[in-house]
Ligand code: DHB
Ligand code: MG
């Protein structure tokens, strides 16, 4: 199975085992399908596991653009995505995501229908700004790792990845253009969760 092969290849290449779980990946696929998304942006490719899941939810003409900082991870992802039969619809852009996103904005790219963010938590607030600017009304924005075993609401937490995530919640409180919720999950990724926001249609 392509997802098992992807995880094996990631492990062989020494990538950190922090992909979404099989069940979470299936959820992403179904969200793509339920929203009839045709243009997807992913921030944080890693070895391509979630990209394969997102791409599987796309119709024949759908496209996924995924951004990765590490060239070595992107090379592994390219092979995994191609081996999963999703190569034609997935483009990987290597580099600092903030610069890449700024470039996409300046190019006036077709707005995305769905954005999945699973990258450096310190920049989640900036990624939310870009996701909003780059997506159409009605688009679905999804952020991974917004619970972190409850550390996000623990004032004593010294987890360095928590402040960026808290900022995301702050931004979404009474946001003029976004309706949002967080879904907690328990499973192979322990106790964590997804934040989901929909861009208002006015
Ligand atoms: C980490 C990052 C992730 O995206 C994830 O799903 C789990 C853990 C991490 O950096 O620790
Ligand atoms: Mg994650």
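In this note's numbering, the protein residues as written are 150 to 351. C-beta: ideal position from N, C-alpha, C; glycine also. These figures come from a predicted structure and were not determined experimentally.
1) Assign residue 122 to buried or exposed, taking buried as 16 or more other Cβ atoms, counted over all protein chains shown, within 10 Å of its Cβ.
2) Kindly provide the ranges of any alpha helix (DSSP H) runs that are 4 or more residues long and lie completely inside the stretch 166-222, ordered along the chain.
3) Is residue 240 helix, strand or coil by DSSP?
4) Where residue 177 and residue 164 are concerned, what is the direct C-alpha to C-alpha distance, given to the nearest angstrom?
5) Can you tell me the Cβ-Cβ gap for residue 271 and residue 241, rounded? I've got them flagged as a contact below 8 Å.
6) Would DSSP call residue 248 helix, strand or coil?
7) For residue 302, which residues does DSSP report across the bridge?
8) Quick check on DSSP: helix, strand or coil for residue 337?
9) Take residue 321 as the anchor and find which of 171, 290, 214 and 154 has the nearest alpha-carbon.
10) Quick check: the stretch 186-196 against the stretch 205-225, are there 3 or more CB pairs under 8 Å?
11) What residues match up with residue 345 in a beta bridge as DSSP calls it?
12) Evaluate contact between the stretch 260-275 and the stretch 180-190, counting only Cβ atoms and requiring at least three cross-stretch pairs below 8 Å.
13) Does DSSP classify residue 267 as helix, strand or coil?
14) If you draw a straight line from the C-alpha of residue 211 to the C-alpha of residue 305, how long is it?
15) Please name the residue, chosen from 335, 338, 342 and 334, that lies closest to residue 318 on a Cα-to-Cα basis.
16) Among all residues, which have a Cβ less than 5 Å from at least one non-hydrogen atom of the ligand MG, and in what chain order do they fall?
17) In whole angstroms, what separates the C-alpha of residue 219 from that of residue 244?
With the structure as the only source:
1) The chain is shown only over 150 to 351; residue 122 falls outside these bounds and no answer can be derived.
2) 171-183 and 198-206
3) strand
4) 21 Å
5) Not quite, the Cβ-Cβ distance comes to about 22 Å (not below 8 Å), so this is no contact.
6) helix
7) For residue 302, which the question treats as bridged, DSSP gives no partner whatsoever.
8) Coil at residue 337, not helix or strand.
9) Checked all of 171, 290, 214 and 154; the closest Cα to residue 321 is 290.
10) Counting Cβ pairs under 8 Å, three or more are found: they touch.
11) 291 and 330
12) yes
13) coil
14) 44 Å
15) 342
16) 267, 293 and 294
17) 7 Å
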